[in-house]
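Asks: Sharing a structure here in structure tokens format.
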Amino acid sequence: DDGVMPQTKEAIQHSRAAGVPIVVAVNKMDKPDANPDRVMQELVAEEVVPEDWGGDTQFVRVSAKTGEGIDQLLEAVLLQSEVLELKAVHDGLAKGIIVESSLDKGRGPVATVLVQSGTLKRGDPIVAGPEFGRVRAMFDENGRSVKSAGPSIPVQVLGLSGTPAAGDDMIALADERKAREVADLRRTKHRDSRLAEQKATKLDQLFSQMAEGEVAYVNLIVKADVQGSVEALRESLLKIETDEAKVRIVASGVGGITESDANLAVTSNAIIIGFNVRADASARRVVEEHGLDLRYYSIIYEVIDDVKKAISGLLSPEIKEEIIGLAEVRDVFRSSKLGAIAGCMVVEGTVKRHNPIRVLRDNVVIYEGALESLRRFKDDVNEVKAGTECGIGVKNYNDVKSGDHIEVFERVEVAREL
Numbered sequence: 044d045d046g047v048m049p050q051t052k053e054a055i056q057h058s059r060a061a062g063v064p065i066v067v068a069v070n071k072m073d074k075p076d077a078n079p080d081r082v083m084q085e086l087v088a089e090e091v092v093p094e095d096w097g098g099d100t101q102f103v104r105v106s107a108k109t110g111e112g113i114d115q116l117l118e119a120v121l122l123q124s125e126v127l128e129l130k131a132v133h134d135g136l137a138k139g140i141i142v143e144s145s146l147d148k149g150r151g152p153v154a155t156v157l158v159q160s161g162t163l164k165r166g167d168p169i170v171a172g173p174e175f176g177r178v179r180a181m182f183d184e185n186g187r188s189v190k191s192a193g194p195s196i197p198v199q200v201l202g203l204s205g206t207p208a209a210g211d212d213m214i215a216l217a218d219e220r221k222a223r224e225v226a227d228l229r230r231t232k233h234r235d236s237r238l239a240e241q242k243a244t245k246l247d248q249l250f251s252q253m254a255e256g257e258v259a260y261v262n263l264i265v266k267a268d269v270q271g272s273v274e275a276l277r278e279s280l281l282k283i284e285t286d287e288a289k290v291r292i293v294a295s296g297v298g299g300i301t302e303s304d305a306n307l308a309v310t311s312n313a314i315i316i317g318f319n320v321r322a323d324a325s326a327r328r329v330v331e332e333h334g335l336d337l338r339y340y341s342i343i344y345e346v347i348d349d350v351k352k353a354i355s356g357l358l359s360p361e362i363k364e365e366i367i368g369l370a371e372v373r374d375v376f377r378s379s380k381l382g383a384i385a386g387c388m389v390v391e392g393t394v395k396r397h398n399p400i401r402v403l404r405d406n407v408v409i410y411e412g413a414l415e416s417l418r419r420f421k422d423d424v425n426e427v428k429a430g431t432e433c434g435i436g437v438k439n440y441n442d443v444k445s446g447d448h449i450e451v452f453e454r455v456e457v458a459r460e461l
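Okay, so the sequence shown: first residue is 44 according to the working numbering, each after it adds one.
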């Protein structure tokens, strides 16, 4: 329903630069007002022409919500691979690429690896970017534990020393000592290049200020749920500048917003951006005490748009999210008719039946949607205040677990202060 967004155009440019074909998935076909022809027309303007219209690009109509068209999408990808005659070696030590990585509170660093050649096995010593380790466990796309993965198979890998960057190569080696040596060498090179980059940046800033006069900087601290989002935000934000103002990213990383992040924001006068993550209790205390600007987002281009408008001085009123209630899941009851019902204690504010919600696990957003039901004992209610127990059913989501938090928010119009 959004049509061709800037990210889509950027993906087309990346595809052309890399010389790889495109398979288009037109999503949200479950909606009554779905208009795939409009999307096709907009893509034709970008010189991506569907096969039905005489071009060479496969278009598949899908719905991520209902699963419609997913089998056809997989068939389209397989057909494209046959046309390209893609082949890979199954034997030998594995090589692959990091698709994504994150820091899980219970499992440690988790990396999603796409194996490109060889076979990755449980127990293999591996290097991924500047990180190393031994494959402690592997899980497929359905969360099932697997012992090995061959070419074209994506798996989640546990056992690395840290979170590698998306796009880093992954190599399995004969022994862990060699893996450690390679990782140490890469870290040294990375540190040296960062130091050289910082020195160059300081000189550039000096010459720029001499030529243009004093330049104002918008300092940002960026935290996100996965490494790929951190990198995408950094790259996009650093491109934003005017003659009078530029973006400076003071710090960035994976995981929830901590007290040290908040203290750094105090000393550097920085705005904290949380992308699909939340601040812990100690961080929130520092934010409130010092009146810091802490902003939560779940869509990258909304972050970019806000910072662009702020730097350009377009500080018109905006629609901002305000968290009005937080419930802690104490237990989960399952019913064949009602699905999962979370037994909760409202720990902050007020939980309201008709407001949008997010499910948080370890301060990371894992679902966004609405409530199916809100009950006190056997009665349906419209709201529940702090200090009160209640039963919550989340619409179209049954994977709520004990220890999760359900965040209730509303959107209000406020004056921009960024």
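Positions of the beta carbon are idealized from the N, C-alpha and C atoms, including for glycine.
Identify whether Asp422 lies in helix, strand or coil by the three-state DSSP scheme.
Replies: Residue numbering aside, residue 422 sits at position 379 when the sequence shown is read from its first letter. Three-state DSSP puts Asp422 in a strand.
Asks: With distances taken from CA atoms, which of Gly112, Pro207 and Val170 is nearest Arg220?
Replies: Sequence index remark: in the sequence shown, residue 220 carries index 177 (1-based). Cα-wise, what sits closest to Arg220 is Val170.
Asks: Do you know offhand how far Asn398's Cα is from Pro79's?
Replies: Counting from 1 along the sequence shown, the entry for residue 398 is found at position 355. Counting from 1 along the sequence shown, the entry for residue 79 is found at position 36. Cα to Cα, the separation comes out at about 30 Å.
Asks: Would you identify the three-state DSSP class for Ile283, choosing helix, strand or coil?
Replies: By one-based count along the sequence shown, residue 283 stands at place 240. Correct three-state label for Ile283: coil.
Asks: Curious, which full-length alpha helix (DSSP H) runs of at least 4 residues does the region 324–353 contain?
Replies: Here the runs fully enclosed are 324–333.
Asks: Please give the ranges of any beta strand (DSSP E) in the region 45–108, keeping only runs that are unbroken, at least 3 residues long and fully inside the region.
Replies: Entirely contained in the region 45–108, the beta strand (DSSP E) runs reaching 3 residues are, in chain order, 66–69 and 101–104.
Asks: Am I right that Val103 and Leu116 are in contact with their C-beta atoms under 8 Å? What's the rounded C-beta distance?
Replies: Sequence index remark: in the sequence shown, residue 103 carries index 60 (1-based). Sequence index remark: in the sequence shown, residue 116 carries index 73 (1-based). Going by Cβ atoms, the distance from Val103 to Leu116 rounds to 5 Å, so yes, they are a contact pair.
Asks: Who pairs with Lys438 in a beta bridge, going by DSSP?
Replies: Looking up residue 438 in the sequence shown gives position 395. Its beta-bridge partners do not exist; DSSP assigns none.
Asks: What number of angstroms, rounded off, separates the C-alpha of Leu281 from the C-alpha of Pro93?
Replies: Counting from 1 along the sequence shown, the entry for residue 281 is found at position 238. Counting from 1 along the sequence shown, the entry for residue 93 is found at position 50. Distance between the alpha carbons of Leu281 and Pro93 is about 35 Å.
Asks: In angstroms, rounded to a whole number, what distance separates the CA positions of Ala137 and Pro197?
Replies: For the purposes of this step, residue 137 is taken as residue 94 along the sequence shown, with counting starting at 1. For the purposes of this step, residue 197 is taken as residue 154 along the sequence shown, with counting starting at 1. Approximately 12 Å, taken between the alpha carbons.
Asks: Between Ile55 and Ile65, what straight-line distance do the alpha-carbon atoms span, to the nearest angstrom?
Replies: Here residue 55 corresponds to residue number 12 of the sequence shown, with the count starting at 1. Here residue 65 corresponds to residue number 22 of the sequence shown, with the count starting at 1. Near 8 Å, if we compare the C-alpha coordinates of Ile65 and Ile55.
Asks: Taking 9 Å as the threshold (C-beta atoms), are Ile264 and Ala313 in contact?
Replies: By 1-based counting over the sequence shown, the position of residue 313 is 270. By 1-based counting over the sequence shown, the position of residue 264 is 221. Yes. Within cutoff.
Asks: Using a Cβ-Cβ cut-off of 7 Å (strictly less than) and excluding sequence neighbours within five positions of Gly193, which residues of its own chain qualify?
Replies: Mapped onto the sequence shown, residue 193 falls at position 150. The answer, listed in chain order, is His133, Val158 and Thr162.
Asks: Report, in whole angstroms, the separation of the C-beta atoms of Ser144 and Lys164, which I expect to be a contact under 8 Å.
Replies: Translated into positions along the sequence shown, residue 144 becomes position 101. Translated into positions along the sequence shown, residue 164 becomes position 121. Contact flag wrong, Cβ pair sits at about 20 Å.
Asks: If you draw a straight line from the C-alpha of Asp442 to the C-alpha of Gly392, how long is it?
Replies: If you number the sequence shown from 1, residue 442 lands on position 399. If you number the sequence shown from 1, residue 392 lands on position 349. When rounded, the distance between both Cα atoms is 24 Å.
Asks: Assuming Met48 and Gly112 are in contact, meaning their beta carbons sit under 8 Å apart, how far apart are those beta carbons, in whole angstroms?
Replies: Within the sequence shown, the letter at position 5 stands for residue 48. Within the sequence shown, the letter at position 69 stands for residue 112. Met48 to Gly112, Cβ: 20 Å. No contact.
Asks: To the nearest angstrom, how far is it from the Cα of Ala131 to the Cα of Val156?
Replies: Here residue 131 is taken as the residue at index 88 of the sequence shown, counted from 1. Here residue 156 is taken as the residue at index 113 of the sequence shown, counted from 1. C-alpha separation (whole angstroms): 16 Å.
Asks: So what's Ser359 in DSSP terms, helix, strand or just coil?
Replies: Position 316 of the sequence shown holds residue 359. A caution first: Ser359 carries a pLDDT of 48, below 50, which makes its placement in the model too unreliable to give a value.
Asks: Going by CA-CA distance only, name the one from Arg177, Ser379 and Leu369 that's closest to Asp167.
Replies: Locating residue 167 in the sequence shown gives position 124, where the first residue counts as 1. The shortest C-alpha separation from Asp167 is found at Arg177.
Asks: Assuming contact is defined by CB atoms lying nearer than 9 Å, are Gly386 and Val402 in contact in what I supplied?
Replies: Translated into positions along the sequence shown, residue 386 becomes position 343. Translated into positions along the sequence shown, residue 402 becomes position 359. No, these two residues do not count as a Cβ contact at 9 Å.
Asks: By Cβ distance below 8 Å, which residues in the same chain neighbour Leu122 in space, the five residues on each side in sequence not counted?
Replies: Counted from its first residue, the sequence shown places residue 122 at position 79. Contacts found: Gln101.
Asks: Report the CB separation of Gly299 from Val407 in whole angstroms; it is logged as a contact under 8 Å.
Replies: In the sequence shown, counting from the first residue as 1, residue 299 sits at position 256. In the sequence shown, counting from the first residue as 1, residue 407 sits at position 364. Sure, about 7 Å apart at Cβ, within 8 Å.
Asks: Roughly how many angstroms separate the alpha carbons of Asp147 and Met83, rounded to a whole number?
Replies: Within the sequence shown, residue 147 is the residue found at index 104, counting from 1. Within the sequence shown, residue 83 is the residue found at index 40, counting from 1. Spanning the two alpha carbons is a distance of roughly 39 Å.
Asks: On the DSSP letters alone, give me the boundaries of the beta strand (DSSP E) that Asp400 sits inside.
Replies: Stepping through the sequence shown from its first residue, residue 400 is reached at position 357. Strictly speaking, residue 400 in this sequence is Ile, with Asp absent from that position. Here the beta strand (DSSP E) through Ile400 covers Ile400 to Arg404.
Asks: By the three-class DSSP mapping on this structure, what secondary structure does Lys164 have?
Replies: Indexing the sequence shown from 1 puts residue 164 at position 121. Lys164 falls in the strand class under three-state DSSP.
Asks: Hey, quick one: how far does the alpha helix (DSSP H) through Ala305 stretch, first residue to last?
Replies: For the purposes of this step, residue 305 is identified with residue 262 of the sequence shown, where counting begins at 1. Looking at the DSSP string, the run of the alpha helix (DSSP H) that includes Ala305 is Glu302 to Ser311.
Asks: Locate the alpha helix (DSSP H) running through Glu111, then write down its first and last residues.
Replies: Numbered from its first residue, the sequence shown carries residue 111 at position 68. Looking at the DSSP string, Glu111 is not in any alpha helix (DSSP H), and its letter there is neither H nor E.
Asks: Going by alpha carbons, who is nearest to Asp211 out of Ser195, Arg229 and Gly202?
Replies: One-based indexing of the sequence shown puts residue 211 at position 168. With distances taken between Cα atoms, Asp211 lies closest to Arg229.
Asks: Can you tell which of Ser341, Asn185 and Arg223 has the C-alpha that lies nearest to the C-alpha of Gly412?
Replies: For the purposes of this step, residue 412 is taken as residue 369 along the sequence shown, with counting starting at 1. It is Ser341.
Asks: What's the gap between the Cα of Glu184 and the Cα of Asn319?
Replies: Your numbering for residue 184 matches position 141 in the sequence shown. Your numbering for residue 319 matches position 276 in the sequence shown. The straight-line gap from Cα to Cα measures roughly 21 Å.
Asks: So, under 8 Å CB-CB, Ser295 and Arg321 are touching, yes? Tell me the CB distance rounded to an integer number of Å.
Replies: Mapped onto the sequence shown, residue 295 falls at position 252. Mapped onto the sequence shown, residue 321 falls at position 278. So it is not a contact: roughly 16 Å between Cβ atoms.
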